[in-house]
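So my numbering is basically just the index in the sequence shown, starting at one, shifted up by 12.
Don't be surprised by glycine CBs; every beta carbon is placed ideally from N, CA and C.
Single-structure report; data block below.
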Amino acid sequence: MNPTGNAATSSTPDRGGSFHFPRLLAWVVLVISLGASAGGWYVSQENADLSAHRQFDEETNRIISALRQRLLIYQDVLHGCAGLFAASVSVERAEWRAYLESVSVDKRFPGIAGVGFIAHVPRGGLDEFLRATREDHAPDFTVQDDGGGDALMIVKYLEPEEPHRALLGRDIAGDAERRLVAEKARDAGSVVMSGRLKLAGTAPGTNYGFLLMLPVFHNGATTATVEQRRQNIEGWVFARVAGDQLMRGVLENQSSLLDIEIYDGTTPDPANHLFGAETGTTSEPPGFQPRFKDETVLGLAGRNWTVRFSSKPTFEAATPRSFGTMIGAGGAVVSLLLFGIAWSLTSTRQRALAMAWDMTAALRQTNEQLQRVIAERQRAEQATKDSQALYHALVESLPLHIVRKDLQGRITFANQRFCNEIGRSLKEISGKTNADLFSAELARDHERNDSRVIETGDTLEAVEEIQDAAGQKKKVKAIKVAARDGEGNVTGLLAILWELP
């Protein structure tokens, strides 16, 4: 047997098995890096979704508040009209008209399609009521749609009068729904709102609305109990409210962001639809699916409304966009670079081992080869540092506050998000300590946590407080890790902060 051949056989490394572990390590680096990139993408997407949902909630709350405030203002109008009766022995037609013209209801209170007075007239006093009413500059006043009951509820005044002339003299006691609203207001002694009603004599395009009714009692009458209120009722002041006009006044510029549907009652029954998509106020493209939806029941003047909100394409365009795609793509690129570096290190190691097994040259040649291997490894380490710099650029775009400090607690770097939060530039805070930025109490808490990280080298998770540009304290989640140099020595710390809800 050839001894040379035997020696070659015994010295040949197992290229199929002994080098598998370093190659596996390169794949592990790739998986971890891609996982970190995916995590960054997910966090960015979640933050963008939370921000958009918060903006949607703010819009819906603002609209609900405006709607509630508008209806309270309408009730104030009725209370003012009731005060006119309380201050007078009797209120004549000219006095009623002059009062409402001075209030300028049609200009100052959009949505109100008429303010009037309904007189409570016992059947036995109808002739006297008609005589007095006709003498008050209404010679043609007659009762319409007489309900035939023991008492009538007759529309005596309604301003502006001209577009509503056909409603004057109508006995609403013959209308079960309107009579029920009047009776509920009388018994409660307060404003009561009707359900959805078909409104006659309103502006073109207005289909449905509702009534607000407030009882008026005879001057000086006692109204402590329901029975006393029934005996001493003089009538009701009321407002006719058009749903579309009401919501146009409430929404103003907000209507471009959200679609709104309002239903009378606690369920969104199309038969009780007051305002929204079914009245032709939406303009979404075909197939559009709103990103956010909400539904709430709103209690108003003894009545419940169901209000449904959904985001429009304009809302989607107005909300901040996520940097998730950029983070994911950048992270993938960096991950591939790290994988390439790790793979290159593995290949270099394999070549060095193979050459060590196969080399038969002199000692000088072996030393030269080792020098080349060392040089390649140094270049690989530099490549790793370069990749870390690239990661630093990636971190700058993350939705987190990031601060780096030296061993004395002086700030050596802070990302733009942190600078914006505290209202100072990086140039202003470089070299500053916690005591220069925050109150003494907050500074002590930060310094205690910073010292622990620097002294132990351990990672610390804690809940801390910072002060924003206005001096307001905010709770943040903090992760602090020791920063090290190329030889593993602690050179400071890196803090990652995000605001807690």
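TODO: Starting from ALA163, trace the beta strand (DSSP E) both ways and give me its first and last residue.
DONE: Counting along the chain, the beta strand (DSSP E) containing ALA163 begins and ends at 163 to 171.
Open item on the list: Please list the terminal residues of the continuous beta strand (DSSP E) segment that includes LEU286.
Closed with: 285 to 287
Open item on the list: Please report the straight-line C-alpha distance between GLY292 and LEU270, rounded to a whole angstrom.
Closed with: Bear in mind that the predicted position of GLY292 carries a pLDDT of just 43, short of 50, making it too unreliable to give a figure here.
Task: Where THR154 falls: helix, strand or coil (DSSP) - done: coil
- [ ] Note down, in chain order, each residue of its chain lying with its Cβ closer than 6 Å to the Cβ of ALA94, except the 5 sequence neighbours on either side.
- [x] Within the same chain, ALA94 has close Cβ partners LEU226, VAL228, VAL249.
Task: Counted within 10 angstroms of its Cβ, other Cβ atoms place ALA507 as buried (16 or more) or exposed - done: buried
Task: Inter-residue Cα distance where the pair is ASN446 and ARG80 - done: 47 Å
Task: Strand pairing of LYS485, partner residues [DSSP] - done: GLN479
- [ ] Mind checking who VAL204 pairs with in its DSSP beta bridge?
- [x] Within the DSSP secondary-structure output, VAL204 pairs in a beta bridge with MET225.
Open item on the list: With a threshold of 8 Å, are at least 3 pairs of Cβ atoms found where one atom belongs to the stretch 460 to 479 and the other to the stretch 490 to 503?
Closed with: yes
Task: 8 Å Cβ cutoff met for ARG190 and ILE184 - done: yes
Open item on the list: Using only CA atoms, which one of ILE423, GLY126, GLU440, LEU509 lies nearest to LEU180?
Closed with: Taking the Cα of LEU180 as reference, the smallest distance to any Cα among ILE423, GLY126, GLU440, LEU509 is reached at GLY126.
TODO: Using only alpha-carbon positions, find the residue among ALA313, PHE222, GLY498, VAL262 that is nearest to GLN390.
DONE: GLY498
TODO: Over the uninterrupted beta strand (DSSP E) stretch that includes THR503, give me the two end residues.
DONE: 502 to 511
Task: Coarse secondary structure for LEU180, derived from DSSP in three states - done: coil
Open item on the list: Using DSSP's beta-bridge definition, name the partner residues of THR308.
Closed with: VAL319
TODO: Go ahead and pull the three-state DSSP assignment for THR424.
DONE: In the structure shown, THR424 sits in a strand (DSSP, three-state: E or B).
Task: Unbroken alpha helix (DSSP H) run spanning VAL101, endpoints - done: Segment: none, VAL101 is in no alpha helix (DSSP H) and carries neither H nor E.
Task: Between the CA atoms of GLN484 and GLY247 - distance to the nearest angstrom - done: Approximately 55 Å between the Cα atoms of the pair.
TODO: Report yes if the CB atom of ASP418 is closer than 8 Å to the CB atom of GLY500, and no otherwise.
DONE: Cβ distance not < 8 Å, so ASP418 and GLY500 don't count as in contact.
Task: Bridge partner(s) assigned by DSSP for LEU472 - done: LYS492
Open item on the list: Bridge partners for ASP61 per DSSP, in chain order?
Closed with: Answer is none; ASP61 lacks a bridge partner.
- [ ] Return the Cβ separation of GLY128 and VAL167 in integer angstroms, given the expectation that the two are a contact with Cβ distance under 8 Å.
- [x] 6 Å
Open item on the list: What does the alpha-carbon distance come out to for the pair GLU473 and LYS489?
Closed with: 7 Å
Task: PRO302, DSSP secondary structure in three states - done: Looking at PRO302 - three-state DSSP - the assignment turns out to be coil, as it is neither helix nor strand.
Open item on the list: By the three-class DSSP mapping on this structure, what secondary structure does HIS458 have?
Closed with: helix
TODO: For the beta strand (DSSP E) holding GLU246, just list the boundary residues, first then last.
DONE: 245 to 254
Open item on the list: Looking at the strands, I want to know which residues DSSP matches up with HIS230.
Closed with: DSSP, once it has assigned bridges, lists no residue as partnering HIS230.
Open item on the list: Tell me the residue span of the alpha helix (DSSP H) that contains ALA447.
Closed with: 446 to 449
Task: Candidates ASP199, THR278, VAL319, of which the one nearest ILE76 by Cα - done: It is VAL319.
TODO: Kindly indicate which three-state DSSP category ALA131 falls into: helix, strand or coil?
DONE: strand
Open item on the list: Can you look up LEU209 in the DSSP assignment and give me helix, strand or coil?
Closed with: strand
- [ ] Please look up how many angstroms separate the CB atoms of VAL475 and LYS487, rounded, as I've assumed it's under 8 Å.
- [x] Confirmed, about 6 Å.
Task: Under the three-state DSSP convention, the category GLY47 falls into - done: helix
Task: Integer-rounded CB distance, given that ILE478 should sit under 8 Å from ILE434 - done: About 7 Å; that satisfies the 8 Å criterion.
Task: C-alpha distance - GLU70 paired with ALA64, whole-angstrom precision - done: 10 Å
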